[in-house]
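> So the mapping is simple: the numbering used here equals the position in the sequence shown, first residue as 1, plus 26. Ideal Cβ positions, reconstructed from N, Cα and C, are used throughout, including at glycine. In this text the structure is predicted, and so the values were computed from the model without any measurement.
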Amino acid sequence: MNCSFSAVKKKQISGHRGEKVKIINIDRKGYAEVEKEDGKKGYIPTYFLDLNTVPGDNFAQQIRYRRKWYHLVDSGQEILFKDNPSNLLNNISYLTNLVSFLPVQKQSFSLLFSHSHKRPICIEPLQDMRIKLGEKITLMCKFFSEESHTITWRGPVITAKRQYEVTTNKEGYSLLTLKKCVEEDSGQYWVQAENIFGKCHTVAWITIIVPPGITHITTCKAVNRNNVLLQWKDAKKGNSKNVYYVVEYKRKDMTNYRIAMEGIIGTSTVIADLKSTFYSFRIYAFNEYFKGKTGPTADVDLNLASSRSLSSITFIGDINAETEYIDEATYSKIYTIARVVYKGKFAYVKEIIRKSDKKQYAAKCFIRELTQAKNEWENIEREINVMRCIRHRNIVAYHGAVKLNNQLIMIMQWLNGPHLLDYIIRLGYISEALIQRFCKDLLLALEYLHSFQIAHLAIRPENLLMHISNIVRLVVIDFGSSRYCNEKVVVWNYGAIDFASPEQISHHEVTTKSDMSFGIVLYTLITGRIPFDDEYYEVIRLKILSNISTIDERKIYRIYSQPIIELLKSVIVKDAGARLSATECLKSEWMQSQGSEKLFLVDYLEDYKDRRKEQLRRIGDLFEDCEVKEVEELSLMDYLEDYNGRHKEQL
Numbered sequence: 027m028n029c030s031f032s033a034v035k036k037k038q039i040s041g042h043r044g045e046k047v048k049i050i051n052i053d054r055k056g057y058a059e060v061e062k063e064d065g066k067k068g069y070i071p072t073y074f075l076d077l078n079t080v081p082g083d084n085f086a087q088q089i090r091y092r093r094k095w096y097h098l099v100d101s102g103q104e105i106l107f108k109d110n111p112s113n114l115l116n117n118i119s120y121l122t123n124l125v126s127f128l129p130v131q132k133q134s135f136s137l138l139f140s141h142s143h144k145r146p147i148c149i150e151p152l153q154d155m156r157i158k159l160g161e162k163i164t165l166m167c168k169f170f171s172e173e174s175h176t177i178t179w180r181g182p183v184i185t186a187k188r189q190y191e192v193t194t195n196k197e198g199y200s201l202l203t204l205k206k207c208v209e210e211d212s213g214q215y216w217v218q219a220e221n222i223f224g225k226c227h228t229v230a231w232i233t234i235i236v237p238p239g240i241t242h243i244t245t246c247k248a249v250n251r252n253n254v255l256l257q258w259k260d261a262k263k264g265n266s267k268n269v270y271y272v273v274e275y276k277r278k279d280m281t282n283y284r285i286a287m288e289g290i291i292g293t294s295t296v297i298a299d300l301k302s303t304f305y306s307f308r309i310y311a312f313n314e315y316f317k318g319k320t321g322p323t324a325d326v327d328l329n330l331a332s333s334r335s336l337s338s339i340t341f342i343g344d345i346n347a348e349t350e351y352i353d354e355a356t357y358s359k360i361y362t363i364a365r366v367v368y369k370g371k372f373a374y375v376k377e378i379i380r381k382s383d384k385k386q387y388a389a390k391c392f393i394r395e396l397t398q399a400k401n402e403w404e405n406i407e408r409e410i411n412v413m414r415c416i417r418h419r420n421i422v423a424y425h426g427a428v429k430l431n432n433q434l435i436m437i438m439q440w441l442n443g444p445h446l447l448d449y450i451i452r453l454g455y456i457s458e459a460l461i462q463r464f465c466k467d468l469l470l471a472l473e474y475l476h477s478f479q480i481a482h483l484a485i486r487p488e489n490l491l492m493h494i495s496n497i498v499r500l501v502v503i504d505f506g507s508s509r510y511c512n513e514k515v516v517v518w519n520y521g522a523i524d525f526a527s528p529e530q531i532s533h534h535e536v537t538t539k540s541d542m543s544f545g546i547v548l549y550t551l552i553t554g555r556i557p558f559d560d561e562y563y564e565v566i567r568l569k570i571l572s573n574i575s576t577i578d579e580r581k582i583y584r585i586y587s588q589p590i591i592e593l594l595k596s597v598i599v600k601d602a603g604a605r606l607s608a609t610e611c612l613k614s615e616w617m618q619s620q621g622s623e624k625l626f627l628v629d630y631l632e633d634y635k636d637r638r639k640e641q642l643r644r645i646g647d648l649f650e651d652c653e654v655k656e657v658e659e660l661s662l663m664d665y666l667e668d669y670n671g672r673h674k675e676q677l
């Protein structure tokens with residue numbers, strides 16, 4: 027073999043540079059079936075193989091054989107790399123061999139490549155590790171070299187001159203051992219093998235997990251006579267990927283603290299069903315190995331709380347308060363318009379730049395001529411009122427509003443990333459762990475909204491944007507459909523219904539649990555379709571109302587685990603009362619687990635994006651002149667017969 031190959035498909039076989047294999051057969055797709063010295067068989071691309079012995083009774087026959095061989099190799103390369111990024115990415119080392127085709131002088135070529143195959147090869151690289159504070163560290167790697175070579179280790183342990191040991195075992199592995207680790211041992215470790223012909227190295231990152239920091243409560247206030255809102259600063263995670271929180275409480279008549287809630291992800295929660303008395307709360311964090319120290323206490327007296335919801339008074343007061351608009355002259359003085367970045371049915375979004383510091387903002391402009399109906403203009407004003415009352419890292423931030431003669435302009439945070447699906451497609455891969463991260467961001471935003479009795483009611487891929495700063499985070503946008511659910515509210519949105527709840531499309535009262543579209547987004551990310559998928563709009567509507575889904579069809583999942591299925595079945599439910607809340611979803615088995623980091627290609631999401639784009643176009647045409655009518659719950663056969671009769675010509 028002229029270089030190492032990593033198998034990425036079924037029936038392929040891995041091999042390393044210099045290994046000898048027997049060629050059994052060559053197919054037309056550029057693969058050779060080979061047999062290794064240990065008897066294992068599999069397929070390897072022909073361009074990874076060089077002929078060691080050439081069949082033929084004479085020199086002429088050997089020349090003809092070589093010509094035939096290299097013709098097969100050259101014709102197979104295009105087939106192997108076309109529409110097959112996994113081969114290219116997993117065998118990137120092969121690309122370095124393409125340098126040999128450059129027009130260089132013979133002498134230069136000899137100097138560059140005559141001994142390149144004699145350099146050391148790393149056949150077992152270092153592995154990233156997460157280690158508990160105080161435990162033993164053992165790092166190991168293995169190099170191959172035909173010539174004698176030296177091995178050099180570098181890393182925090184070596185720099186700090188700690189009591190470590192570097193050895194080589196019988197199998198040829200180089201090991202670094204430290205009996206008891208400390209937090210300062212975290213960092214990058216580097217090992218290099220060197221002989222007279224060159225060098226080779228391997229690198230890994232070692233993380234020492236330590237106890238999380240102290241949790242400080244920032245907000246402790248009564249929501250009503252029986253509920254308390256708690257907010258706190260994010261504790262130091264102790265180098266862990268995730269940190270969870272436990273809230274403890276103590277009443278005036280109690281001696282010891284008891285647990286109110288545990289396993290909380292995020293920095294806010296509402297403690298419900300409390301007695302009307304004096305309470306003390308405290309919070310501590312924990313990660314996979316350690317419990318953090320308990321933070322300072324915060325007190326609240328529910329006897330002083332009004333029987334009416336204090337949060338409702340505050341929030342409704344904010345919503346009903348007259349919005350302070352920026353006048354046109356001030357707007358023009360502060361901002362300059364850069365470009366239009368999006369055009370929708372009722373509005374368009376422009377990039378604007380603050381003149382003082384050149385900072386970007388997004389201006390969502392609503393045109394009165396495009397919103398003829400009175401309730402549409404009221405919805406726009408409601409959206410502005412809701413936006414100015416909320417603030418969360420996973421919700422687009424509001425920065426003011428401008429009122430002109432025929433326009434309303436809402437100034438918002440500039441989000442520099444694409445929509446969720448576009449981001450994943452551009453990334454080129456997806457994993458269960460990555461989906462968990464997106465879902466956590468979405469659920470934290472919903473948990474925050476729902477704590478104020480706000481339902482978004484339009485959670486779908488188009489309204490989930492990515493913002494890229496130090497880290498990538500998901501941000502919820504478009505609150506045009508949002509409602510405050512303290513009163514009986516019936517909501518209907520024209521257009522696509524595939525992410526709507528049954529109560530939305532049947533014109534029943536909505537609640538915060540009407541945001542069940544979180545589950546539909548999750549289902550879409552792991553299957554590339556919606557659970558109520560169908561070619562026809564009316565059939566999708568019936569399936570949602572009847573809860574006829576494809577959640578149990580195992581074969582359609584690209585990413586599958588039983589905890590995911592259990593979560594989906596608890597969220598995508600017809601009865602709103604039976605659905606999990608956002609807080610309960612965050613505490614579910616799947617959200618609390620460590621998702622697999624195995625990577626999957628995203629071709630299935632590319633197909634879904636194309637289908638959805640066409641679906642939205644067709645539904646836009648279908649709803650051009652539609653009217654809202656009361657929905658009757660029919661049987662499947664009755665509904666289809668009625669549908670075929672009413673829409674035969676259209677179908």
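Along the alpha helix (DSSP H) that carries Gln-479, what are the first and last residues, could you check?
Premise fails: Gln-479 is in no alpha helix (DSSP H) and is neither H nor E.
> Spatial neighbours of Met-413 within its chain, please: CB distance less than 7 angstroms, with the 5 preceding and 5 following residues excluded, ordered by chain position.
Tyr-424, Met-436 and Phe-505, listed in sequence order.
> Please name the residue, chosen from Phe-464, Leu-483, Tyr-374 and Leu-468, that lies closest to Leu-434 on a Cα-to-Cα basis.
It is Tyr-374.
> Could you spell out where the alpha helix (DSSP H) holding Tyr-449 opens and where it closes?
Here the alpha helix (DSSP H) through Tyr-449 covers 446-453.
> Could you have a look at Thr-194 and say whether DSSP puts it in helix, strand or coil?
Correct three-state label for Thr-194: strand.
> From Ala-608 to Asp-279, what does the alpha carbon distance come to, in whole angstroms?
In a straight line, the C-alpha of Ala-608 is about 32 angstroms away from that of Asp-279.
> Indicate the three-state DSSP secondary structure (helix, strand or coil) for Ile-577 in the structure shown.
In this structure, Ile-577 counts as coil in the three-state DSSP scheme.
> My understanding is that Ile-290 touches Asn-253, with C-beta atoms under 8 angstroms, so please give their C-beta distance in whole angstroms.
In fact, because the Cβ distance is near 16 angstroms, the residues do not count as touching under 8 angstroms.
> Count the C-beta pairs between the stretch 618-630 and the stretch 455-474 that are closer than 8 angstroms, then say yes if the count reaches three, no if not.
They touch, by the three-pair rule.
> Please state whether DSSP places Thr-244 in a helix, a strand or coil.
Three-state result, Thr-244: strand.
> What do you get for Pro-146, buried or exposed, if any count of 16 or more other CB atoms within 10 angstroms of its CB means buried?
Pro-146 is buried by the Cβ-count criterion.
> Can you tell me whether DSSP reads Glu-615 as helix, strand or coil?
Glu-615 falls in the helix class under three-state DSSP.
> Is Leu-441 closer than 7 angstroms to Val-501 when the C-beta atoms are compared?
Result yes, Cβ atoms of Val-501 and Leu-441 sit closer than 7 angstroms.
> From Ile-451 to Pro-487, what distance separates their C-alpha atoms?
Looking at the two C-alpha atoms, the distance is approximately 13 angstroms.
> Between His-242, Lys-144, Met-492 and Lys-205, which lies nearest to Lys-226 when the distance is taken from Cα to Cα?
One detail in the question is off: residue 226 reads as Cys in this sequence, not Lys. Cys-226 has its Cα closest to that of Lys-144, out of His-242, Lys-144, Met-492 and Lys-205.
> State the Cα-Cα distance for the pair Leu-204 and Met-27, rounded to the nearest angstrom.
Roughly 38 angstroms separates the two Cα atoms.
> Within the same chain, show all residues whose beta-carbon is closer than 7 angstroms to that of Tyr-368, passing over the 5 residues directly before and after it, in chain order.
The answer, listed in chain order, is Tyr-374 and Val-375.
> Cβ atoms of Arg-277 and Tyr-305: under 7 angstroms apart, would you say?
For Tyr-305 and Arg-277, yes; Cβs fall inside 7 angstroms.
> Beta carbon of Thr-241, beta carbon of Ala-261: below 7 angstroms?
Yes, the Cβ-Cβ distance between Thr-241 and Ala-261 is below 7 angstroms.
> From the DSSP output, in three-state form, read off Thr-362 for me.
Strand, per DSSP.
> Grab me the residues of Asp-211's own chain with a C-beta within less than 6 angstroms of its C-beta, minus the 5 sequence neighbours each way, in chain order.
The residues are Pro-182, Val-183 and Ile-234.
> Select from Val-217, Lys-187, Gly-160 and Gln-189 the residue whose C-alpha is nearest the C-alpha of Lys-168.
For the residues Val-217, Lys-187, Gly-160 and Gln-189, the minimum Cα distance to Lys-168 belongs to Val-217.
> So, helix, strand or coil for Ser-507, using DSSP?
Residue state, collapsed to three classes: coil.
> Closer than 8 angstroms is the cut-off here; do at least three beta carbon pairs connect the stretch 528-537 with the stretch 550-562?
They do not touch, by the three-pair rule.
> Nearest-angstrom Cα distance between Val-60 and Ile-70?
If I take the Cα positions, the gap works out to 7 angstroms.
> Report yes if the C-beta distance between Ile-157 and Ile-149 is below 7 angstroms; otherwise report no.
No.
> In terms of alpha-carbon separation, which member of Lys-371, Ile-378 and Glu-409 lies closest to Ile-393?
Answer by Cα proximity: Lys-371.
> Where in the stretch 254-321 do unbroken runs of the beta strand (DSSP E), each at least 3 residues long, occur, reported from the N-terminal end onward?
Qualifying beta strand (DSSP E) stretches, in chain order: 254-258, 270-277, 284-290, 294-297 and 304-312.
> In the structure shown, what three-state DSSP assignment does Asn-432 receive?
Three-state result, Asn-432: coil.
> Please state the DSSP three-state secondary structure of Pro-146.
Residue state, collapsed to three classes: coil.
> Is it buried or exposed, Ser-174, if we count other Cβ atoms within 10 angstroms and call 16 or more buried?
Its Cβ having fewer than 16 others within 10 Å, Ser-174 is exposed.
> If we ignore side chains and look at the alpha-carbon of each, how far apart do Trp-616 and Pro-589 end up?
If you take the alpha carbons of Trp-616 and Pro-589, they lie about 5 angstroms apart.
> Relative to the C-alpha of Glu-409, which residue among Ala-481, Arg-419 and Ser-477 is closest?
Measuring from the Cα of Glu-409, the nearest candidate turns out to be Ala-481.
> Indicate the three-state DSSP secondary structure (helix, strand or coil) for Glu-173 in the structure shown.
Three-state DSSP puts Glu-173 in coil, outside helix and strand.
> Taking Gly-426 as the reference, give the member of Lys-390, Lys-187, Pro-444 and Thr-303 with the closest Cα.
When each option's Cα is compared against that of Gly-426, the closest is Lys-390.
> For Lys-639, which of Lys-37, Glu-350, Gln-153 and Asp-524 has the nearest alpha-carbon?
Comparing Cα-Cα distances from Lys-639 to each of Lys-37, Glu-350, Gln-153 and Asp-524, the minimum goes to Asp-524.
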